[in-house]
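Chemist: Handing you this structure, nothing more for now.
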Amino acid sequence: MNIKQDFNWVGNEESFVDQPSTVELGTICIGRYGGSSSAGQYKNEDGCFILTDPEQDWEFLILLDAHTSAESAEMIVETFRQQKDKIRNLLSLSINEAFRSLEHFTLNLFQSEDFLEACQRINGETACLIVSRKGKYCWWFSVGDCLFYLHHPELASLGQYQVNQRHFFEWIGQVNTFNQAVPCFSIGTKELRKGVNHLIMTTDGLVECPGEPYIDPKAIFNEFSHSSNKNGVRKLLKRIQDNNVRDSTTIVSWMVAIEEEATIPSE
């Protein structure tokens with residue numbers, strides 16, 4: 002049985018201005034809201050690309066937040082879409098090999114002559130957050146200010162929710178960090194804990210909403226405490242819509258149950 006699943010979307014295809022939307026891809030919920038026209042919004046420049054293989058126990062996700070135009074988000078989605086068979090092959094490797102190969106593949110792609118030349122022919126640039134989970138580990142790559150959160154009771158008890166740090170003035174596109182003398186990006190791996198781990202990727206409209214209802218990551222995960230994944234995402238989108246957010250917001254949320262023990266202190 003073929004249970005591989007794909008999803009890709011860019012905001013210039015359908016903007017979701019004034020119309021929050023949720024769609025499910027297996028266990029993943031994708032929430033999209035283009036912003037409120039009453040606040041001055043009229044377009045959506047976010048983008049999203051997802052590959053999954055539940056049988057091999059992995060996900061590969063890209064979240065994009067472009068400006069000036071959606072062309073940079075569109076270009077990255079199309080570039081990775083053309084490479085999806087390669088990505089699937091890399092993620093079929095052992096976890097350690099898969100993540101090392103993904104890092105090498107991603108950096109080579111973004112620094113390739115063809116990609117850099119294509120970036121000079123488009124209008125605007127985009128933040129880019131890539132997350133891949135395989136087994137009980139996550140690998141992430143970030144340029145710019147998209148956010149990646151992880152909720153698990155053991156981490157929450159210590160106040161830890163946010164995986165990456167937002168970095169401003171980093172983009173891929175017409176203005177491109179990979180055109181600099183030294184490219185600027187962040188990258189890392191994360192061990193998931195035993196039990197249910199809740200992962201969320203989001204563009205910055207969620208945290209920059211008027212009134213800042215979700216500036217504290219704990220408030221984001223509270224929306225899921227008595228709700229399904231899809232209904233939790235709907236609550237997030239409804240709150241920012243009610244607060245008349247202008248910026249577009251794209252959220253990707255999913256839960257992963259881990260049976261293996263995680264690292265604990267020796268004492």
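When we follow the numbering used here, the leftmost residue of the sequence shown carries the number 2, and every step to the right adds one.
C-beta: ideal position from N, C-alpha, C; glycine also.
Mind checking whether Cys49 and Leu26 have CB atoms under 8 Å apart?
Modeler: The residue labelled residue 49 in the question sits at position 48 within the sequence shown. The residue labelled residue 26 in the question sits at position 25 within the sequence shown. Not in contact: Cys49 and Leu26 (Cβ atoms no closer than 8 Å).
Chemist: Just the Cα atoms here: how many angstroms apart are Arg235 and Ala182?
Modeler: Along the sequence shown, one-based indexing puts residue 235 at 234. Along the sequence shown, one-based indexing puts residue 182 at 181. Roughly 43 Å between the two C-alpha positions.
Chemist: Using CA coordinates, which residue listed in Asn13, Gly12, Gln20 is at the minimum distance from Leu238?
Modeler: In the sequence shown, the residue the question calls residue 238 occupies position 237. Cα-wise, what sits closest to Leu238 is Gln20.
Chemist: Whole angstroms are fine: how far does the CA of Ser38 sit from the CA of Cys139?
Modeler: Taking the sequence shown and counting its residues from 1, one reaches residue 139 at position 138. Taking the sequence shown and counting its residues from 1, one reaches residue 38 at position 37. Looking at the two C-alpha atoms, the distance is approximately 37 Å.
Chemist: Could you pull out every residue in the same chain whose Cβ sits closer than 7 Å to the Cβ of Leu94, ignoring the five residues on either side in sequence?
Modeler: Position 93 of the sequence shown holds residue 94. Correct list, in chain order: Ser102.
Chemist: Alpha helix (DSSP H) containing Gly233: first to last residue?
Modeler: Residue numbering aside, residue 233 sits at position 232 when the sequence shown is read from its first letter. Note, Gly233: alpha helix (DSSP H), 230-243.
Chemist: Could you check how far apart the C-beta atoms of Thr53 and Ile29 are, in whole angstroms? I think they sit under 8 Å.
Modeler: As a first step, residue 53 must be located in the sequence shown, where it is residue number 52. As a first step, residue 29 must be located in the sequence shown, where it is residue number 28. Contact flag correct, Cβ pair sits at about 7 Å.
Chemist: Using alpha carbons as the reference points, say which of Met202, Trp59, Asp243, Gly32 lies closest to Ala99.
Modeler: As a first step, residue 99 must be located in the sequence shown, where it is residue number 98. Comparing Cα positions, the closest option is Trp59.
Chemist: Pick helix, strand or coil for Ala128, following the three-state DSSP scheme.
Modeler: As a working note, residue 128 is residue 127 in the sequence shown. Strand.
Chemist: Could you tell me whether the stretch 182-200 touches the stretch 260-267, using the rule of 3 or more Cβ pairs below 8 Å?
Modeler: Flag = yes, the stretch 182-200 and the stretch 260-267 touch.
Chemist: Which residues bound the beta strand (DSSP E) around Val197?
Modeler: Sequence index remark: in the sequence shown, residue 197 carries index 196 (1-based). 196-203 is the span of the beta strand (DSSP E), which, as asked, contains Val197.
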